[in-house]
Amino acid sequence: SAVISQKPSRDICQRGTSLTIQCQVDSQVTMMFWYRQQPGQSLTLIATANQGSEATYESGFVIDKFPISRPNLTFSTLTVSNLSPEDSSIYLCSVGQQVGYTFGSGTRLTVV
Amino acid sequence: AQSVTQLDSQVPVFEEAPVELRCNYSSSVSVYLFWYVQYPNQGLQLLLKYLSGSTLVKGINGFEAEFNKSQTSFHLRKPSVHISDTAEYFCAVSTRNTPLVFGKGTRLSVIA
Numbered sequence: 011s012a013v014i015s016q017k018p019s020r021d022i023c024q025r026g027t028s029l030t031i032q033c034q035v036d037s038q039v040t041m042m043f044w045y046r047q048q049p050g051q052s053l054t055l056i057a058t059a060n061q062g063s064e065a066t067y068e069s070g071f072v073i074d075k076f077p078i079s080r081p082n083l084t085f086s087t088l089t090v091s092n093l094s095p096e097d098s099s100i101y102l103c104s105v106g107q108q109v110g111y112t113f114g115s116g117t118r119l120t121v122v
Numbered sequence: 278a279q280s281v282t283q284l285d286s287q288v289p290v291f292e293e294a295p296v297e298l299r300c301n302y303s304s305s306v307s308v309y310l311f312w313y314v315q316y317p318n319q320g321l322q323l324l325l326k327y328l329s330g331s332t333l334v335k336g337i338n339g340f341e342a343e344f345n346k347s348q349t350s351f352h353l354r355k356p357s358v359h360i361s362d363t364a365e366y367f368c369a370v371s372t373r374n375t376p377l378v379f380g381k382g383t384r385l386s387v388i389a
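The listed protein sequences correspond, in order, to chains V and X. So in our numbering, the last spot in the first sequence is 122, and the numbers never skip. So in our numbering, the last spot in the second sequence is 389, and the numbers never skip.
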């Protein structure tokens, strides 16, 4: 199965700023997804990152707040913009393959 | 769209006792089913998955789950738990080429 390198692993950001999270996959994958895990909660799908076209966002998530890039089949970024304390969460990328799904190690974001 | 219900938010159990964590899903098409474990302050780890074939699936750390299509369930079981099994357990469902949808999680607490 694919191996994902997710960066940064954690960050502390000031409110009003932005954080960009990167995921690099060691093989070409069609399906790539971004999730949020708020403290003490389950994982919620933010969007599906589509190569060469705009991401597909889930209800409650908008492109202005969570812009996503997917320039090729091995790389994607998620930006969390105009940060507020409510954005403090773990953000994870995931890829889907025939054998199942692989997750990055996550980015723990704290907004102060 | 698919959905997952984990019926118990918390399950306390004594060490060496058996445990069952319940998961029910909803889908109008064939599904793939997964159980993940998340230890405190750590990432997601795949316990087991059902893609097709035998309905009894064996995973890591002595866990197993049985896919029951008529009852739309995928309950996780372990015959004898250890203190080290204390963690959050997530059931998840997907269909072909779709992202995983997670349940809200069950916190398993093993008591010495």
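Backbone N, C-alpha and C define an ideal beta-carbon position, used for all residues, glycine too.
- When the alpha-carbon of E341 of chain X is set against those of X:Q348, X:Y313, X:N318, X:G320, the nearest one is in X:Y313.
- Q34 of chain V sits close to T84 of chain V, with the two beta carbons spaced by under 8 angstroms.
- By the neighbour-count definition (other C-beta atoms within 10 Å, threshold 16), Q287 of chain X is an exposed residue.
- For T87 of chain V, the nearest beta carbon of chain X is not closer than 8 angstroms to its own beta carbon.
- DSSP places E343 of chain X within a strand segment (E or B) once states are collapsed to three.
- Nearest neighbour of Q283 of chain X by Cα position, chosen from X:V296, X:C300, X:F291, turns out to be X:C300.
- L119 of chain V does not reach chain X, its nearest Cβ partner there being about 14 angstroms away, counting only Cβ pairs nearer than 9 angstroms.
- The distance from the Cβ of Y316 of chain X to that of S371 of chain X is about 23 angstroms, inconsistent with a contact at the 8 angstroms cut-off.
- Taking C-alpha positions only, E96 of chain V is separated from M42 of chain V by approximately 25 angstroms.
- P81 of chain V sits in a strand when the DSSP states are folded into three classes.
- S11 of chain V sits close to G110 of chain V, with the two beta carbons spaced by under 8 angstroms.
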